[in-house]
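Asker: Okay, handing you the structure first.
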Amino acid sequence: MNRFKTILWAVAVAAMALTTSCLNSDNTEQKTTENINSAIAYTIDRLTGQTVSEQSISLEILTNYTALTMGFTLNNFTLPDGKVLPKATFADLPLKMNDTGWMLAEDTNVLPTAEGFAAETMPMFSSVRIGAINHVADLMDQTVVGYERAIRMEISNYVIYITRPSTWSTGTTYATDQSTGTSFKSTKPIYLVNLDTEKHTARITVYNAVFAQAMENLNLEIEFRDIPYSFDANGNIRLVRNEEFDPYHKDTPNPSFPISNLSCTLNIFSGITISFNCEAMGGNYHVAADMPFNYGLKSETTQQ
Amino acid sequence: MPNKFQIALLSALLALPATAAETPDSARAHHRTLRAIEVMGVKQDAKVEAAVAAVTQLRGKRLQQLGISAAKGLSEVAPNFFMPDYGSRMTSSIYVRGLGSRMDQPVVGLTIDGVPYLNKDSYDFDIDNIDRMEVWRGAQSVLNGRNAMAGQINIYTRSPWSGPRLRLMAGYGRGNTWRAGGVWRTRLSETVATSLSAYMRSSDGFFRNAATGARIDTERQGSARWKTSWRPSAHMSLTNTAAASVLRQGGFPYAEASTGTIARNDTCFYRRTTFSDGLTVSWAGRRIVATSLTSVQYLDDNMTLDQDFTTADMFTLTQKRREWGFTEDLFTRGSRGNYSWLGGVFGFYRPSTMNAPVDFKDQGIAQLIEHHRNQANPSYPISWHTRRFTLGSDFSMHNGGFALYHESKYAAGNWTVEAALRYDFEHNSLHWHSTCSTGYNTLHVLPDGTTEHYMSTPVDIDESGDMSMNFSQLLPKVAVSYRLGAIGDIYLNVAKGYKAGGFNVQMFSDVLQQKLMRLMGFGMAYKPEDVVSYRPETSWNYEAGAHLHGKRWTADATVFFIDTRNRQLTTFPAGSTTGRIMTNAARAHSCGVEASATWTPVDDLTIQASYGYTHATFRSYTSGGISYRGKTLPYAPAHTLFAAAEWSLPLKLSYAAVSAGANVRAAGPIWWDDANTLRQPFYATLGAHITIADGNDRWSLRLWGENLTDTHYSTFYFVSVGRAFLQRARPWQAGITIRYAFDVAY
């Protein structure tokens, strides 16, 4: 099983196993608990737009389908002022109705309950939002599932974002021949983004990569490696590598398909957008894709 | 004088609608003999001329005159029946009325002394001591079940009751081909008769491997058959036939189309050992006959191929198989007044194992793997660890099923109406295990052109899986016939035919190759079940015909239309650059005419002719994104033609008679591809014989010739690794056959 599916299935199976195993047997309420052992949390100063901190944490997400609430517990979370919350629970946030396919729960003026932390010094979070969406795609005739989880919290002038360091999406990729202007589109490519929080670089793996029409049936798998990432003032994760570099194919660099002007934005409550230039099959192509996590999930939308 | 059992059986059979004179099969057409009753023919119409179907039947002497000792010999003799000689005796591809199959399931069933042969890979073998052969054309699925969609071949060997004799045969012909055989028949008692036959054939073939100078299509085969009949009472009959055969064959004389040369560096051969035993137990009442037909079959074969068929070291394939087959057919036949019926239940079980490795060799690795990969990334080329590795495949298959069938006939005056129905259920399962352990090095080309090692990548595949499928079919038939007085009858027949689905394990090599490419980052890894499995193919057969006869002639004519659905094909999925899959991809129509006649203008002369025309086209079929609607179905000839004359020369020696015969076999044109871009034109061959025989049928000396015109034509065409190959037909052949019979005392 390739790396993509290994990652996703490990996460998915772990999440589902834990969810299943923790299905509350309470006769009156139906709840699920989901454990995320490794999540990335980053804090943005709303006033300056600067990133204040980035940390790896673990958390549990509790969903109560009977009471229609979601909540989460953070473990060893460092607040913007440097204080560490050994365990803080944001419970029973009410779910909001929406037609986006997301489960969204949010509330204002939320005071978490904490263990190992003096209650009287617990700060108030002016707003807390949590979102969850599951999405599927076909990859090599197998169905792969993505479990997107996103948290946004405001405290004082800081905004804290929490999500998994690995995510993927698919949609319509447009490849435009720069010299002729002709455009080709395909819904086959799937883009997997992995953040390496230690090296502070990202890897983008493209499955069924299509940069030109002649490539559509090659089912090529390529990687863009060592892409620096940062966080913008709106909490998006930005992956940018402007200089020309060689993609990797089966752990081997391939100078036949040089990439340049790579820009990828991950909005943890929305999806992935990506664009780059590629020289392939004798042409120079601009490739772009806008891939919301709910691609194909709305009733009026079918995956092309 | 017939015994009580024969009288009882005749009474049951004669409850069926009767027709007029027998078919003349020799210059002595008017001589009637009450043959020893054989119960094997009870399931289908005992008299083929009364059948509501197109049937060609040839009896022993006629088969000898034409030199026919295998089903292939009926090709063209039966109109629209074509069984080309190519590859090896494993490739028993049969085409009837445009329908046929090169892979896996056949479209024609085969029985020998009533025993149904489950695997078409064992259809092609020589049999001495044949009493008669029949080719039933059109859907025969109601009585014969799976894989009789286009027809049925029935071969009957001589009864042990045919008279105590020891017959010996020896022959020699071109290609250093010699044959020898013998049949010993005797009655062990008033109720038990037995026969033992043996046959051997050896041939050095006609084609040479230009690369080595060795002969390619050599053949050594031997077989034995032991048949015993026991009639313990006036109502009971038991017949057991045990047969074994061994075959060692070179085979596969494929020449590259561009050069016409056969040249390859790796060995090709086919080896086969078979055993079968069939026990028929019949009980005949006054108006009912109950029969049980039990068989066990064993096949052990090995096909090894230089799969590129060139002198390049590319890849070889071995397919070793062991297969058992068990069948049981219980049926009863009876009549009451104008109503007659046949009903039965059939079951079979066929377990088998197969080992089918594909060896990739130096040039195969270079051209099929390294070249494609390095084209995509020339700066980091790969080099395989070794210049030879194996894609291993092991299979275990279980195939079984049962059927219920019933046929009713009602005769009212000159009209006879038939209705029949069969319910067929089949289960197929496959366990597969694929392995491969190899690897490659990735190099880095430096600016100065030298290379350095970049990384090593192992390629390890060890996967297994299981697949199973169930099929069920209702197979109806309706027929009406009208007797035109003494001249014969006409009929209409509508029947559904069925070819079983299953798994084509030969496609697993494609699955593995795709898997290998996928591990290297190219192409799509196919799901095995999508590539190798296929559903049943069905057809509706509509035909009208006539069986006519006079004092010195017979004539048969048929017009037909066949609508085939879910045709089983190998196709390339739309957009795929590599890999083929088995699929049910097409619908086809086939229509045509058939005519045959035999005329004996004078006692010493018999003229026989048959002609078949088929127009078979795809109605819907798309492969690789290309539509083939309207294209002619490949591999089946549009025309078949057979004409023969047999006469006894007026000169009669004191102890012998001289006879001579000549025949023409013709077929074509044959398209070789779905796109109808390449074909074999219509061709004809001439055969002849001169026979000196004892008037008492004690001895004969026959000088014979086949393809005396030395007609050059191709019997097969295919493309492998981008090269086109043809198999040429055998050149002219001639030889001598001597037979001698001894009377043997009880």
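Line by line, the protein sequences are chains A and B.
Using the numbering used here, the first residue of the first sequence is number 4, and each one after it goes up by one.
Using the numbering used here, the first residue of the second sequence is number 1012, and each one after it goes up by one.
Just so it is clear, CB atoms sit at the ideal spot from N, CA and C, and this is done for glycine as well.
#1: Between which residues of its own chain and residue 1217 of chain B is the CB-CB distance below 7 Å, once the five residues before and five after are set aside?
#2: Let me know the beta strand (DSSP E) ranges lying completely inside the segment 188-221 of chain A, each 3 residues or longer, listed in chain order.
#3: Whole angstroms are fine: how far does the CA of residue 1315 of chain B sit from the CA of residue 1379 of chain B?
#4: Does residue 252 of chain A get closer than 7 Å to chain B when you measure Cβ to Cβ?
#5: Quickly, what does DSSP pair residue 231 of chain A with across the bridge? List them, please.
#6: Take residue 1043 of chain B and list the residues in its own chain whose beta-carbon comes closer than 6 Å to its own, dropping the five residues that flank it on each side.
#7: Could you spell out where the alpha helix (DSSP H) holding residue 1071 of chain B opens and where it closes?
#8: Suppose you measure from the CA of residue 1577 of chain B to the CA of residue 1472 of chain B; what does that come to, to the nearest Å?
#9: When the cut-off is 7 Å and only beta carbons count, does residue 1532 of chain B lie next to chain A?
#10: Is there a Cβ from chain A that is less than 7 Å from the Cβ of residue 1240 of chain B?
#11: Is there at least one Cβ from chain B nearer than 7 Å to residue 258 of chain A's Cβ?
#12: For residue 1528 of chain B, which of helix, strand or coil comes out of DSSP?
#13: From the DSSP output, which residues share a beta bridge with residue 1678 of chain B?
#14: For residue 1084 of chain B, which three-state DSSP category applies?
#15: Can you check DSSP and say which residues form a bridge with residue 1444 of chain B?
#16: Let me check understanding here. Comparing Cα to Cα, which of B:1614, B:1525, B:1437 lies closest to residue 1383 of chain B?
#17: Between residue 1256 of chain B and residue 1141 of chain B, what straight-line distance do the alpha-carbon atoms span, to the nearest angstrom?
#18: What does residue 224 of chain A reach in chain B if we use C-beta pairs closer than 7 Å?
#19: I want to see whether chain A comes within less than 7 Å of residue 1694 of chain B, judged by CB atoms only; does it?
#20: Quick check on the DSSP output: the alpha helix (DSSP H) that includes residue 1539 of chain B runs from which residue to which?
#21: Please tell me whether residue 173 of chain A has its Cβ less than 7 Å away from any Cβ of chain B.
#22: Alpha carbon to alpha carbon, how far is residue 1717 of chain B from residue 1077 of chain B?
#23: With a floor of 3 residues, list each beta strand (DSSP E) that falls wholly inside the segment 1120-1193 of chain B, ordered by position along the chain.
#24: Give the range of the beta strand (DSSP E) segment to which residue 1713 of chain B is assigned.
#25: Name the residues in the segment 1514-1527 of chain B whose C-beta lies less than 8 Å from a C-beta of chain A; which are they?
#26: Ordered along the chain, which non-local residues of its own chain (more than five positions away) have a Cβ less than 7 Å from that of residue 1149 of chain B?
#27: At 3 residues or longer, and completely inside the segment 25-69 of chain A: list those beta strand (DSSP E) runs for me, N to C.
#28: What is the DSSP secondary structure of residue 1246 of chain B, reduced to helix, strand or coil?
#29: Buried or exposed for residue 1457 of chain B, please, with buried defined as at least 16 other CB atoms from any protein chain shown within 10 angstroms of its CB.
#30: Assuming residue 76 of chain A and residue 90 of chain A form a contact by the criterion Cβ under 8 Å, report the distance between their Cβ atoms to the nearest whole angstrom.
#31: Taking residue 1609 of chain B as the reference, which of B:1597, B:1642, B:1565, B:1569 has the closest Cα?
#32: Tell me the residue span of the beta strand (DSSP E) that contains residue 1344 of chain B.
#33: Closer than 8 Å by beta-carbon distance: list the chain B residues that pair up with residue 255 of chain A, in chain order.
#34: Please state whether DSSP places residue 1378 of chain B in a helix, a strand or coil.
#35: Determine the burial state of residue 1245 of chain B: buried for a count of at least 16 other Cβ atoms within 10 Å of its Cβ, exposed for fewer.
#36: Return the chain-ordered list of same chain residues with a C-beta closer than 6 Å to the C-beta of residue 274 of chain A, the five sequence neighbours on each side being excluded.
Answerer: In short, the structure shows the following:
#1: 1186, 1228, 1741, 1742
#2: 193-199, 204-212
#3: 20 Å
#4: yes
#5: A:204
#6: Because the pLDDT at residue 1043 of chain B is just 30, under 50, the model does not fix this residue reliably, and the value given afterwards should be weighed accordingly. The beta carbon of residue 1043 of chain B sits closer than 6 Å to no other beta carbon from its chain once the five residues preceding and following it are set aside.
#7: 1071-1077
#8: Per the coordinates, the alpha-carbon of residue 1577 of chain B lies some 34 Å from the alpha-carbon of residue 1472 of chain B.
#9: yes
#10: Judged by the 7 Å Cβ criterion, residue 1240 of chain B is not in contact with chain A.
#11: yes
#12: helix
#13: According to DSSP, residue 1678 of chain B bridges with B:1651, B:1694.
#14: helix
#15: B:1405, B:1475
#16: B:1525
#17: 16 Å
#18: Ordered by position in chain B, the residues that pass the 7 Å Cβ test against residue 224 of chain A are 1532.
#19: no
#20: 1539-1543
#21: no
#22: So the two alpha carbons sit approximately 10 Å from each other.
#23: 1141-1148, 1162-1168, 1176-1184
#24: Per DSSP, the unbroken beta strand (DSSP E) holding residue 1713 of chain B starts and ends at 1710-1717.
#25: none
#26: By the criterion of a C-beta distance shorter than 7 Å, residue 1149 of chain B is surrounded in its chain by 1064, 1065, 1162, 1504, 1506, 1552, 1554, 1571, once the five residues flanking it on both sides are discounted.
#27: 34-48, 54-67
#28: coil
#29: Looking at its Cβ environment, which holds fewer than 16 other Cβ atoms inside 10 Å, residue 1457 of chain B is exposed.
#30: Rounded, the Cβ-Cβ distance is 6 Å, consistent with contact.
#31: The candidate whose alpha carbon is nearest that of residue 1609 of chain B is B:1565.
#32: Unbroken beta strand (DSSP E) run through residue 1344 of chain B: 1326-1347.
#33: One finds 1388, 1391, 1453, 1465, 1466 in chain B with Cβ atoms closer than 8 Å to the Cβ of residue 255 of chain A, taken in chain order.
#34: The answer is helix: DSSP assigns residue 1378 of chain B an H, G or I state.
#35: exposed
#36: Counting only Cβ-Cβ distances below 6 Å, and skipping sequence neighbours, we find 172, 294, 295, 296.
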